[in-house]
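Enquirer:
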Amino acid sequence: MAVSATQAPIRPALLCRSQQLHGEGQQPTFGFTVNWKSFSDSTTVFVGQCFVDKSREESLHTMWLLREEVKAEKDDWKATRLHLRLYWECRPPPTPSHQPGLCTGSTSGCQLRIQHGVGPSADRSPPPQCSLLGLWQNDLGSEMNISAGNNAGKFFGTYLTKVSATHKPIAVSPLRGSQQMGNVKQPTFGFTVTWSFTDSTTVFVGQCFVDDKGKETLQTMWLLRKKVDSIEDNWQATLVGTNNFTRLQSRGVGASCRLQLHLLTSCPWQGIRCSIQHREAASVT
544 MAVSATQAPI RPALLCRSQQ LHGEGQQPTF GFTVNWKSFS DSTTVFVGQC
594 FVDKSREESL HTMWLLREEV KAEKDDWKAT RLHLRLYWEC RPPPTPSHQP
644 GLCTGSTSGC QLRIQHGVGP SADRSPPPQC SLLGLWQNDL GSEMNISAGN
694 NAGKFFGTYL TKVSATHKPI AVSPLRGSQQ MGNVKQPTFG FTVTWSFTDS
744 TTVFVGQCFV DDKGKETLQT MWLLRKKVDS IEDNWQATLV GTNNFTRLQS
794 RGVGASCRLQ LHLLTSCPWQ GIRCSIQHRE AASVT
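Residues in the sequence shown are numbered from 544 upward in steps of one, following the working numbering.
See the structure below:
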């Protein structure tokens with residue numbers, strides 16, 4: 544990280560990623576969350592696609608949402624920042640494991656070309672923490688079940704959308720993310736949904752709020768990355784929107800909790816792998 548709005552010293556921050564492992568070609572969509580817990584209460588999510596040009600050089604074209612912590616729900620309108628033109632140019636040195644022309648995602652040799660405002664906002668004093676675990680429903684009827692988390696703030700679960708632009712049957716999809724930890728009453732968080740029935744990827748960033756009556760609300764903003772066939776179509780590949788989630792009573796193990804996929808368990812980014820199998824591209828919201 545090279546830029547930040549906080550006065551605290553900038554430190555390295557871990558990221559939690561997910562990418563599509565199916566689809567046509569070698570240019571998958573992906574998403575990841577950066578938890579700035581080492582020096583801020585903010586969280587940033589990135590969504591994008593890997594491209595390989597005619598000279599077989601790799602680049603990651605992304606959009607990001609940065610969520611600052613605010614003290615009250617009435618300030619939610621000013622808590623999320625958006626950037627449209629952020630990309631990495633990657634020229635990793637030749638190694639036995641690197642295959643030129645495949646978006647391997649190695650960060651060695653990568654340079655962030657445009658980085659205005661990506662950094663976190665100023666620290667705030669953290670009050671007691673709010674848990675994201677459980678079953679949630681948004682204003683469109685989509686459901687997510689956050690079923691596991693750890694002391695580092697990483698969490699995992701499933702997402703069942705109620706809306707889709709694809710003609711394929713909607714299926715439960717895996718999500719993974721990260722939230723601010725410590726004694727934070729209303730933490731910021733981010734997560735990635737890697738859709739199991741399309742080549743698209745969606746990232747969400749938001750904050751948990753608890754009102755005077757104890758009602759919990761997750762205010763989020765999302766970026767949906769549709770897969771496109773060429774870098775010339777990159778301008779139309781990302782959709783943006785908002786969702787509010789409220790907690791549902793647990794219904795036990797149901798359709799929204801059954802996942803017939805193999806979930807990747809390694810959360811830190813280990814490189815974006817681009818060797819994938821064919822599946823028709825479609826978009827999901």
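The beta carbon of each residue, even a glycine, is placed where N, CA and C say it ideally should be.
If you follow the beta strand (DSSP E) that Val771 is in, where does it begin and where does it stop?
Expert: Position 228 of the sequence shown, counted from the start, is the residue given in the question as residue 771. Taken as a continuous stretch (DSSP letters only), Val771 belongs to no beta strand (DSSP E), as it is neither H nor E.
Enquirer: How close, in whole Å, do the beta carbons of Thr731 and Glu759 come, if the pair is a contact with beta carbons under 8 Å?
Expert: Taking the first residue of the sequence shown as position 1, residue 731 is located at position 188. Taking the first residue of the sequence shown as position 1, residue 759 is located at position 216. No, Thr731 and Glu759 are not in contact; Cβ-Cβ is about 15 Å, not under 8 Å.
Enquirer: Quick check on Gln779: does DSSP put it in helix, strand or coil?
Expert: By one-based count along the sequence shown, residue 779 stands at place 236. If DSSP states are grouped into helix, strand and coil, Gln779 belongs with the helices.
Enquirer: Looking only at its own chain, which residues have a Cβ that is under 7 Å from the Cβ of Asn681, when we skip the five neighbours before and after it?
Expert: Residue 681 sits at position 138 when you count from the first residue of the sequence shown. Once the five neighbours on either side are set aside, the close Cβ partners of Asn681 are Asn786, Asn787 and Phe788.
Enquirer: Is it the case that the Cβ atoms of Thr741 and Leu766 are separated by a distance below 8 Å?
Expert: In the sequence shown, the residue the question calls residue 741 occupies position 198. In the sequence shown, the residue the question calls residue 766 occupies position 223. No, Cβ-Cβ distance for Thr741 and Leu766 is not below 8 Å.
Enquirer: Quick one: what does DSSP say Glu601 is sitting in, helix, strand or coil?
Expert: As a first step, residue 601 is located in the sequence shown; it is residue number 58 there, counting from the start. Three-state DSSP puts Glu601 in a strand.
Enquirer: Out of curiosity, what's the CA-to-CA distance linking Pro717 and Asp596?
Expert: The residue labelled residue 717 in the question sits at position 174 within the sequence shown. The residue labelled residue 596 in the question sits at position 53 within the sequence shown. Roughly 30 Å separates the two Cα atoms.
Enquirer: Count the other CB atoms, across all protein chains shown, that sit within 10 Å of the CB of Pro571; report buried if there are 16 or more and exposed otherwise.
Expert: Position 28 of the sequence shown, counting from 1, holds the residue named residue 571. It counts as buried.
Enquirer: Can you tell me whether DSSP reads Asp612 as helix, strand or coil?
Expert: Here the question's residue 612 lines up with position 69 in the sequence shown. As written in the sequence, residue 612 is Glu, which differs from the Asp given in the question. Residue state, collapsed to three classes: coil.
Enquirer: Quick check: the Cα distance between Asp754 and Ala615, rounded to an integer number of angstroms?
Expert: To locate residue 754, count along the sequence shown from 1; it is residue 211. To locate residue 615, count along the sequence shown from 1; it is residue 72. Each residue's alpha carbon lies about 9 Å from the other.
Enquirer: Give the C-beta separation of Cys559 and Phe575 to the nearest angstrom, bearing in mind that I take them to be a contact with Cβ-Cβ under 8 Å.
Expert: By 1-based counting over the sequence shown, the position of residue 559 is 16. By 1-based counting over the sequence shown, the position of residue 575 is 32. Right, the Cβ-Cβ distance comes to about 6 Å (below 8 Å), so this counts as a contact.
Enquirer: What does Ile689 pair with, by DSSP beta-bridge criteria?
Expert: As a first step, residue 689 is located in the sequence shown; it is residue number 146 there, counting from the start. Partner(s): Gly677 and Gly700.
Enquirer: Exposed or buried, Leu629, counting other C-beta atoms within 10 Å across all chains shown (16 or more means buried)?
Expert: Numbered from 1 along the sequence shown, position 86 holds the residue referred to as residue 629. Since pLDDT at Leu629 reaches only 49, below the 50 mark, its modelled position is unreliable, and the value read off the structure follows with that caveat. Counting Cβ neighbours within 10 Å, Leu629 comes out buried, since at least 16 surround it.
Enquirer: Give me the Cα-Cα distance between Ser581 and His710, rounded to the nearest whole angstrom.
Expert: Counting from 1 along the sequence shown, the entry for residue 581 is found at position 38. Counting from 1 along the sequence shown, the entry for residue 710 is found at position 167. One C-alpha to the other measures close to 43 Å.
Enquirer: Got a sec, what are the start and stop residues for the beta strand (DSSP E) Pro717 sits in?
Expert: Here residue 717 is taken as the residue at index 174 of the sequence shown, counted from 1. Where Pro717 is concerned, the enclosing beta strand (DSSP E) stretches over Ser716 to Gln722.
Enquirer: Go ahead and pull the three-state DSSP assignment for Trp620.
Expert: Working through the sequence shown from its first residue, we reach residue 620 at position 77. In the structure shown, Trp620 sits in a helix (DSSP, three-state: H, G or I).
Enquirer: Based on the DSSP secondary-structure assignment, which residues constitute the bridge partners of Phe573?
Expert: Counted from its first residue, the sequence shown places residue 573 at position 30. Per DSSP, Gln562 and Gly591.
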